[in-house]
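To keep things clear, I will list the structure first and then write my remarks on it.
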Amino acid sequence: MTEAMIRPLTYLVNLQSPLSLNQYISEGGYQGASKALHEFSPKQVLDLVSDSGLKGRGGAGFPTGMKWSCVPMFEDNDDKAPEFKYLVANADEMEPGTFKDRYLLEGVPHQLVESMIIGAYTMAANRGYIFLRGEYHLAAKRLQQAIEEAYQNNWLGKNIQGSNFSFDLYVHTSAGRYICGEETALINALEGRRAIPRAKPPFPQMSGLFGKPTVVNNVETLSNLPHILKHGAEWFKALSPDSDSGTKIYAACGRVKTPGLWELPMGTSIREILYQHAGGMADGLKLRGLLPGGASTDFLLPEHLDTPMDFDSISKAGSRLGTGGLIVLDDKSCPVAMVLNLIKFFAQESCGWCTPCRDGTPWAVEVLTRIENGSGRKEDLDTLHNLCDFMWLGKTHCALAPGAVEPLKSALRYFIDDFEQHIDHGCCSYKQSANKQTKLKGHCHG
Amino acid sequence: MKSDVISMEKISTLTIDYRQYLSTTEVAAIEHEVSIMETREAAGIEALKIIQEHRGWVSDDSLYAIADLLNMPEAELEGVATFYNLIYRQAVGQFVIHLCDSVACHLTGYEDIYQTIKSHLGIDYGQTTLDGKFTFLTNVCLGGCDKAPSMMIGKQHYQYLTPENVVEILSDLAKEERKHD
C-alpha cells in the first residue's frame, strides 16, 4: 500500500513549504470534495461518514456521523430550510502536551479547506469558520493563503466547481483561552463574548452560532473526510481492523529520547508509541507513568503499556484517549510538582462561571503548593480527595474541572507514597537529589 | 478634597468618537471583520487585536473608541478584553516574551529558562524592563511540546531553549531598533 493509503492525514504534510493548491490537486487533493459535490447527495455523504465509524479526535470520541445527523435537514429548495447554518473547525489546540493539529494546519492547510467543503456540503452549511488559537501565527498565515487560493479557483464561494453548493470560509484567530476549545464556549468567543460554556440543550446543532444550526468539529476529525470520500468506509475501517476506525495522530513528549508525533493505526499500543516511535525514555531515566491524551486525562502506569490507544481500551484502563498525545513522567521528576503544574494550568484557564471550578481549582493549587514546598499536612490529602469529588462530573458547568480532577485523582492513587513522603519529611526529595547533583546544600533530611 | 463621586457629566466625557481616534486603516480592518459576522460586537475580539497590532496595546481610550465603532457598551467590551490572555490592557515593551509554563516544558527545563530570563533582564512575570524593550509573561502550552522548552516573542516561536541560547535570543532582539508606525 502507498503512503497515501497508510498515513492519509499526514503523507502530504510539508512543514517547510506546504503544497500550493495546484500541487495539492496534482497529489490527489480535492478529489474527495469533487466526488462529494458531483456524485453524492448530502444524505449519502452523511451515511458514508456514519458507516466509516469516524469518531471525534478532539478528545470526547463522539461519532461524527451522529453529531451531524442532529442538524435539521430539509429537502433541496425547501423554503423552510434555515437561512444560515455554520460549520466550525475547532483549531483552538490548547490542551497541554498536544500539538497534532498544528502539524496539519501548518503542514497541509488545503486538506482542512477541502474537509470543510465536504462537511459543509453534508449539512448544507453556507458559512464556515476556522477557530484558530491566537498563538499559531504561522498556521494563520498559511490557512489564509490556502483560502485565498481556493477562492481564486472556485473551491470556495458561489457554485463551487459548477455545483449548486456555495460556501464561504473564514479564519478567526482567538485571543487565547483554553476554555475556547469547549464547543459552546468557542461559539460564544466567535460571537465576540467571553468564552463561557453554554448550557445544553439546546445543542449547537439546533441553536449554535448566532442561534443558527452549528457543528463544531476538531481539525483532525475533519481531515479524515477527503480520504473517506476517496477510498470509502470499508478502507477506513480496515486501517485498524481491531479497533475504532481509521488512523490516529499519536504524540509523545516529556523526557523521552525522540519526542514527536506519528500517524498510526487507531489502537496502536502505548508500548509501540513510546518505545518504537519515541525511542523510549531518555538516557538514565525510567518510566514512572504517563498521561495518555493530554493534561486532562488520568495517569496510567508501566503496567498499562500494552493497552491499545483507542477510546474503549484506554477507558477500560481507567483513563481517556483524549487527544492521543502521551505526556511521559520519568522517575527523576516529581509527580507532585507535575500535578501542581497541571492544576495551576486549569486554575488559570477556568472561565470562572461555576463555583466548584472557580474556587476548587485554585484551592487545589494552594494545597499542592504547600505539599510540594514541604509544609503540607496530613489532612491536606483528605482535602484533595474532597476537591476531586466536589469538582467531578455533574457538579460543574462544563468538563474543565473534571478534566483537572483526572490527573489529580489518579496521581493520588498511583503516587500516594510521594505525596506522603513530601508531608512526612517536609520536603521534595526530587529537588534534594537535583541539588546534590549540582553540589548545593540539600534541605531535605528525610 | 477630591470627591469620590463621579458626576454624570464626567462619565459622558469618557466616550470617545472613533472617527477622531482610530485611523482609517484601523477602521477598515475592523469593518472587514464586521462584514464576515452577523453582529457588530462579534468582531470585538478581532478589533481589539487589530488595535493592539497597530498600537502595541489596548489603552482605555482605544477601548472606548472600539466600543463606539462596534456600537456596544464599553463595559461589555472591557469584560471581553480582560477575559483573553493575549489582549494587553497595560502598556507593554517592544518585545513581549511569552514563556510556556505548561507541563511538557515543566518536565524539560522550564525552571532554568525562567530563572535565566529573570536574572538576565532583571524582571519577573508581569514586568517591563526600564528601557521599554521587554515585557515578561507566561503562556499556556504553545504546542511545541516535542521541541520543549518553548517561548513566543511577537509572532515568532522559539524552541529547544537552553539557558545559553535564550540569552543569545534576547541579546539579539535588544539590538533591534523600535519600529515606527
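Chains A and B, in that order, give the protein sequences. Going by the working numbering, the first sequence opens with residue 95, and the numbers climb by one from there. Going by the working numbering, the second sequence opens with residue 163, and the numbers climb by one from there. Using N, Cα and C, we set each Cβ at its ideal position, and we do this for glycine too.
Item to check | Where A:C551 sits in the DSSP three-state scheme | outcome: Look at the range of chain A in this structure, 95 to 540, and you will see that residue 551 of chain A is not part of it.
Next on the checklist: Please classify A:H539 as buried or exposed, where buried requires at least 16 neighbouring CB atoms within 10 angstroms.
Outcome noted: Numbered from 1 along the first sequence, position 445 holds the residue referred to as residue 539 of chain A. Below a pLDDT of 50, predicted positions are generally treated as unreliable, and A:H539, at 49, falls in that range; no measurement from the model is reported.
Checklist entry - Given that A:C347 touches chain B, what residues does it touch there, using C-beta distances under 7 Å? => result Within the first sequence, residue 347 of chain A is the residue found at index 253, counting from 1. In chain order: A266, C307, D308, A310.
Next on the checklist: Please tell me whether B:M313 and A:E229 are closer than 7 Å, where the distance is taken between their beta carbons.
Outcome noted: Residue 313 of chain B sits at position 151 when you count from the first residue of the second sequence. Residue 229 of chain A sits at position 135 when you count from the first residue of the first sequence. In this structure, B:M313 keeps its C-beta atom at 7 Å or more from the C-beta atom of A:E229.
Item to check | Contact list for A:A389 against chain B, beta-carbon separation under 7 Å | outcome: One-based indexing of the first sequence puts residue 389 of chain A at position 295. Residues of chain B passing the Cβ test: V265.
Next on the checklist: Would A:L226 pass as an interface residue toward chain B - the criterion being a Cβ-Cβ separation below 7 Å?
Outcome noted: For the purposes of this step, residue 226 of chain A is taken as residue 132 along the first sequence, with counting starting at 1. Output row for A:L226: interface = no.
Checklist entry - Run through DSSP, which three-state label would A:M375 get? => result Taking the first sequence and counting its residues from 1, the one referred to as residue 375 of chain A is at position 281. Strand at A:M375.
Checklist entry - Should A:I421 be flagged as near chain B, meaning a C-beta pair shorter than 7 Å? => result Counting from one through the first sequence, the residue named residue 421 of chain A turns up at place 327. A:I421 counts as touching chain B.
Checklist entry - Are the C-beta of B:Y317 and some C-beta of chain A separated by less than 7 Å? => result Here residue 317 of chain B corresponds to residue number 155 of the second sequence, with the count starting at 1. Tyr is not the amino acid found at residue 317 of chain B; the sequence shown has Lys there. True, the Cβ-Cβ gap to chain A drops below 7 Å.
Checklist entry - Which chain B residues are close to A:M210, counting only those with a beta carbon under 7 Å from its beta carbon? => result Walking along the first sequence from the start, residue 210 of chain A turns up at place 116. Among the residues of chain B, none has a CB under 7 Å from the CB of A:M210; the nearest is roughly 15 Å distant.
Checklist entry - Going straight from the alpha carbon of A:D262 to that of B:Q289, what length do you get? => result Position 168 of the first sequence, counted from the start, is the residue given in the question as residue 262 of chain A. Position 127 of the second sequence, counted from the start, is the residue given in the question as residue 289 of chain B. If you draw a straight line from the Cα of A:D262 to the Cα of B:Q289, it is about 42 Å long.
Next on the checklist: Considering just the uninterrupted stretch of the beta strand (DSSP E) at B:A310, what are its terminal residues?
Outcome noted: Working through the second sequence from its first residue, we reach residue 310 of chain B at position 148. For B:A310, there is no enclosing beta strand (DSSP E), as DSSP gives it neither H nor E.
Checklist entry - Roughly how many whole angstroms lie between the Cα atoms of B:F296 and B:W219? => result By 1-based counting over the second sequence, the position of residue 296 of chain B is 134. By 1-based counting over the second sequence, the position of residue 219 of chain B is 57. Between the C-alpha atoms of B:F296 and B:W219 there is a straight-line separation of about 14 Å.
Checklist entry - With a Cβ-Cβ cutoff of 7 Å, do A:L420 and A:A346 count as a contact? => result Looking up residue 420 of chain A in the first sequence gives position 326. Looking up residue 346 of chain A in the first sequence gives position 252. Yes, Cβ-Cβ distance for A:L420 and A:A346 is below 7 Å.
Next on the checklist: Residues of chain A with CB closer than 9 Å to the CB of B:A205, please, in chain order.
Outcome noted: Position 43 of the second sequence, counting from 1, holds the residue named residue 205 of chain B. Near B:A205 (Cβ distances below 9 Å), the residues of chain A are G286.
Checklist entry - Looking at the structure shown, is B:R217 part of a helix, part of a strand, or coil, going by DSSP? => result The residue labelled residue 217 of chain B in the question sits at position 55 within the second sequence. The three-state reading of DSSP puts B:R217 in helix, counting H, G and I together.
Item to check | Member of A:A505, A:L358, A:A431 whose CA lies at the smallest distance from the CA of A:I100 | outcome: In the first sequence, counting from the first residue as 1, residue 100 of chain A sits at position 6. Minimum Cα-Cα distance from A:I100 among the listed residues A:A505, A:L358, A:A431 corresponds to A:L358.
Checklist entry - Smallest Cα separation from B:G316: which of B:Q214, B:A204, B:A191? => result Counted from its first residue, the second sequence places residue 316 of chain B at position 154. The residue with the shortest Cα to Cα distance from B:G316 is B:Q214.
Next on the checklist: Suppose you measure from the CA of A:P386 to the CA of B:D179; what does that come to, to the nearest Å?
Outcome noted: Looking up residue 386 of chain A in the first sequence gives position 292. Looking up residue 179 of chain B in the second sequence gives position 17. Roughly 53 Å separates the two Cα atoms.
Next on the checklist: Output needed for A:R196: all residues of its chain with C-beta closer than 8 Å, excluding positions within five of it in sequence on either side, in chain order.
Outcome noted: Taking the first residue of the first sequence as 1, we reach residue 196 of chain A at position 102. In the same chain as A:R196, and ignoring 5 residues on each side of it, the C-beta atoms closer than 8 Å to its own belong to E187, Y230, A233, in chain order.
Item to check | Alpha-carbon to alpha-carbon, A:C428 and A:Q526 | outcome: Here residue 526 of chain A is taken as the residue at index 432 of the first sequence, counted from 1. Here residue 428 of chain A is taken as the residue at index 334 of the first sequence, counted from 1. Between the alpha carbons of A:Q526 and A:C428 lies a gap of roughly 11 Å.
Next on the checklist: Using a Cβ distance threshold of 8 Å, determine whether the region 270–287 of chain B contacts the region 322–332 of chain B, with at least three qualifying pairs required.
Outcome noted: Yes, they touch.
Checklist entry - How about the region 459–475 of chain A and the region 488–496 of chain A: do they share at least three Cβ pairs that are nearer than 8 Å? => result No, the region 459–475 of chain A is not in contact with the region 488–496 of chain A.
Item to check | Segment limits, beta strand (DSSP E) that includes A:I421 | outcome: Indexing the first sequence from 1 puts residue 421 of chain A at position 327. Unbroken beta strand (DSSP E) run through A:I421: 419–424.
Checklist entry - Relative to the C-alpha of A:L303, which residue among A:N258, A:R221, A:L379, A:E242 is closest? => result The residue labelled residue 303 of chain A in the question sits at position 209 within the first sequence. Check the Cα spacing between A:L303 and each of A:N258, A:R221, A:L379, A:E242: the tightest is with A:R221.
Checklist entry - Quick one: Cα of A:K426 to Cα of A:Y524, how far? => result Position 332 of the first sequence, counting from 1, holds the residue named residue 426 of chain A. Position 430 of the first sequence, counting from 1, holds the residue named residue 524 of chain A. For A:K426 and A:Y524, the distance between alpha carbons rounds to 7 Å.
Next on the checklist: Distance check for A:R288 and B:A243, CA to CA, integer angstroms please.
Outcome noted: For the purposes of this step, residue 243 of chain B is taken as the residue at position 81 of the second sequence. For the purposes of this step, residue 288 of chain A is taken as the residue at position 194 of the first sequence. Rounded to whole angstroms, the separation of the alpha carbons of A:R288 and B:A243 is 9 Å.
Item to check | For A:K149 and A:D336, believed in contact at Cβ under 8 Å, the rounded distance | outcome: Sequence index remark: in the first sequence, residue 336 of chain A carries index 242 (1-based). Sequence index remark: in the first sequence, residue 149 of chain A carries index 55 (1-based). 15 Å between Cβ atoms; not a contact.
Checklist entry - Which of helix, strand or coil does DSSP assign to A:T463? => result Here residue 463 of chain A refers to the residue found at position 369 of the first sequence. Of the three classes helix, strand and coil, the one that applies to A:T463 here is helix, per DSSP.
Next on the checklist: Quick check: what's the CA-CA separation for A:Y272 versus A:L131?
Outcome noted: The residue labelled residue 272 of chain A in the question sits at position 178 within the first sequence. The residue labelled residue 131 of chain A in the question sits at position 37 within the first sequence. Their backbone Cα atoms lie some 35 Å apart in a straight line.
Next on the checklist: Contact criterion: CB-CB distance below 7 Å. Does A:G270 meet it with respect to chain B?
Outcome noted: As a position in the first sequence, residue 270 of chain A is number 176, starting the count at 1. Nearest CB-CB separation between A:G270 and chain B: below the 7 Å threshold.
Checklist entry - Using the C-alpha atoms, what's the distance from B:L261 back to A:N108? => result Taking the first residue of the first sequence as position 1, residue 108 of chain A is located at position 14. Taking the first residue of the second sequence as position 1, residue 261 of chain B is located at position 99. Approximately 27 Å between the Cα atoms of the pair.
Next on the checklist: For B:V302 and A:N258, I'd like the C-alpha separation in whole angstroms.
Outcome noted: The residue labelled residue 302 of chain B in the question sits at position 140 within the second sequence. The residue labelled residue 258 of chain A in the question sits at position 164 within the first sequence. Looking at the two C-alpha atoms, the distance is approximately 43 Å.
Checklist entry - Of the choices A:V207, A:N282, A:V182, whose alpha-carbon is the least far from that of A:N247? => result Here residue 247 of chain A refers to the residue found at position 153 when the first sequence is read from its first residue. Minimum Cα-Cα distance from A:N247 among the listed residues A:V207, A:N282, A:V182 corresponds to A:V207.
Item to check | Contacts around A:L534, its chain only, beta-carbon distance under 8 Å, and the 5 residues preceding and following it disregarded | outcome: Start at 1 with the first residue of the first sequence, and residue 534 of chain A comes out as number 440. Only weak support exists for where A:L534 lies, its pLDDT of 44 falling under 50; the value from the coordinates is given anyway. Nothing meets the Cβ criterion.
Checklist entry - What in chain A is Cβ-close to B:E200, meaning under 7 Å? => result The residue given as residue 200 of chain B occupies position 38 in the second sequence. Within chain A, the residues F304 have their CB atoms less than 7 Å from the CB of B:E200, given in chain order.
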